[in-house]
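Residue numbers for the sequence shown follow the numbering used here, beginning at 41 and rising by one.
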Amino acid sequence: MPPLYVSFVAGAAGKWKIETIKAATGETLPCAGFLDIRESSEPNHRAGAPPQPPPDGWVLRGVVSNLRYTTRAEVEELKSRQEGLGRPAATRAALIPIRKSEAWWALSQDERRRIFEEQSRHTTLGMQYLPAIARRLHHSRELGEPFDFLTWFEYAPEHISAFEDLVAQLRQTEEWQYVTREVDIRLSAVQGLE
Numbered sequence: 041m042p043p044l045y046v047s048f049v050a051g052a053a054g055k056w057k058i059e060t061i062k063a064a065t066g067e068t069l070p071c072a073g074f075l076d077i078r079e080s081s082e083p084n085h086r087a088g089a090p091p092q093p094p095p096d097g098w099v100l101r102g103v104v105s106n107l108r109y110t111t112r113a114e115v116e117e118l119k120s121r122q123e124g125l126g127r128p129a130a131t132r133a134a135l136i137p138i139r140k141s142e143a144w145w146a147l148s149q150d151e152r153r154r155i156f157e158e159q160s161r162h163t164t165l166g167m168q169y170l171p172a173i174a175r176r177l178h179h180s181r182e183l184g185e186p187f188d189f190l191t192w193f194e195y196a197p198e199h200i201s202a203f204e205d206l207v208a209q210l211r212q213t214e215e216w217q218y219v220t221r222e223v224d225i226r227l228s229a230v231q232g233l234e
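Here's what the structure looks like:
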């Protein structure tokens with residue numbers, strides 16, 4: 041899969057209305073009214089100027105690439121159970137940017153995998169909420185961004201409590217002991233997604 045570069049642009053206009061921005065751990069982000077999502081196959085949106093933060097907002101950038109810390113069997117199961125983004129009924133969303141500690145990044149790949157799945161059961165937990173909650177992970181650390189990961193979720197209003205349950209469970213895992221900054225941004229679609 042070729043990389044997909046994504047910019048989350050918060051400001052006075054966008055397809056998503058920002059309902060709340062709250063710090064779960066560490067510093068929050070400035071308030072903004074709306075969020076727009078811009079995608080490109082080019083790093084830093086070379087096809088045009090990279091999105092600049094609006095005067096009343098901010099921009100977070102990430103790249104969608106290969107899944108990490110997952111086995112082939114887990115990848116195949118995720119593909120078979122998860123539905124895509126942009127479903128008309130999915131009029132609620134969450135953007136959760138996360139930064140992990142230097143202690144996390146000092147661990148070897150197999151040590152991170154052990155914590156991520158074998159102890160925290162991150163993938164297994166997430167699969168319990170499929171297909172109701174669609175998710176896409178964006179890697180930001182290699183781009184020099186203030187967060188390591190940007191996770192985007194979409195779901196229908198009737199699945200709000202399931203999403204809250206998923207987030208609460210993940211925050212109780214060993215993996216979250218390595219989180220040094222996390223912002224929880226909740227959104228609603230301005231109009232049905234197309």
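Just so it is clear, CB atoms sit at the ideal spot from N, CA and C, and this is done for glycine as well. Remember, predicted model here, so these are calculated numbers, not experimental data.
Below 8 Å on the Cβ atoms is my contact criterion, and I expect LEU69 with TRP98 to pass it. Report the Cβ-Cβ distance as a whole number of Å.
Sure, about 6 Å apart at Cβ, within 8 Å.
Thinking just about the alpha-carbon of each residue, which of ILE225, GLN231 and ALA229 is nearest to the one in GLU67?
Closest option to GLU67, judged by alpha-carbon separation, among ILE225, GLN231 and ALA229: ILE225.
Three-state secondary structure (DSSP) of ILE77:
If DSSP states are grouped into helix, strand and coil, ILE77 belongs with the strands.
Under 6 Å Cβ to Cβ from ARG86, same chain only, skipping five residues before and after it: list those, please.
Model confidence at ARG86 stands at a pLDDT of 45, short of 50, so the residue's coordinates are unreliable and nothing is read from them.
Does the Cβ-Cβ distance between LEU183 and ARG101 come in under 8 Å?
Taking 8 Å as the Cβ cut-off, LEU183 and ARG101 qualify as a contacting pair.
3 or more residues per run - each beta strand (DSSP E) lying fully within the stretch 168–204
With a minimum length of 3 residues, the continuous beta strand (DSSP E) runs that stay inside the stretch 168–204 are 174–179 and 189–195.
Whether LEU165 touches LYS57 by CB criterion (8 Å)
Contact flag unset, no.
Would you report the Cα separation of GLN231 and PRO128, rounded to the nearest angstrom?
Cα-Cα distance, rounded: 9 Å.
What distance in whole Å lies between the Cβ atoms of ALA143 and TYR218, which are believed to be in contact at a cut-off of 8 Å?
With 8 Å as the limit, TYR218 and ALA143 qualify as a contact, their Cβ atoms being about 6 Å apart.
By DSSP's criteria, LYS57 is part of a beta bridge. Which residues make up the other side?
Beta-bridge pairing links LYS57 to PHE74 and SER228.
What are the boundary residues of the alpha helix (DSSP H) that ARG152 is part of?
Looking at the DSSP string, the run of the alpha helix (DSSP H) that includes ARG152 is 149–153.
Could you tell me which of SER148, HIS178 and ALA72 sits nearest to PHE187, measuring between CA atoms?
Of the listed residues, the one whose Cα sits closest to PHE187 is HIS178.
Backbone secondary structure at PRO83 - three-state DSSP:
Residue state, collapsed to three classes: helix.
Alpha carbon of GLU158 to alpha carbon of ALA202, nearest angstrom
Each residue's Cα considered, the two are about 23 Å apart.
Cβ separation of PRO42 and VAL103, assumed to be a contact under 8 Å, to the nearest whole Å:
At roughly 10 Å, the Cβ-Cβ gap does not stay under 8 Å, so PRO42 and VAL103 are not in contact.
Using the three-state DSSP reduction, which class does SER238 fall into: helix, strand or coil?
What the structure shows of the chain is the stretch from 41 to 234, and residue 238 is not part of that stretch, so it cannot be assessed.
State buried or exposed for LYS140, treating a residue as buried only when at least 16 other CB atoms are found within 10 Å of its CB.
By the neighbour-count rule (16 or more Cβ atoms within 10 Å), LYS140 is buried.
In whole angstroms, give me the CA-to-CA distance for ARG153 and ALA174.
CA-to-CA, the gap between ARG153 and ALA174 works out to about 22 Å.
Which of helix, strand or coil does DSSP assign to THR163?
Look at THR163 here: in three-state DSSP terms it is helix.
According to DSSP, is GLU222 part of a helix, a strand, or is it coil?
GLU222 falls in the strand class under three-state DSSP.
Tell me which residue opens and which closes the beta strand (DSSP E) that ALA129 is part of.
Looking at the DSSP string, ALA129 is not in any beta strand (DSSP E), and its letter there is neither H nor E.
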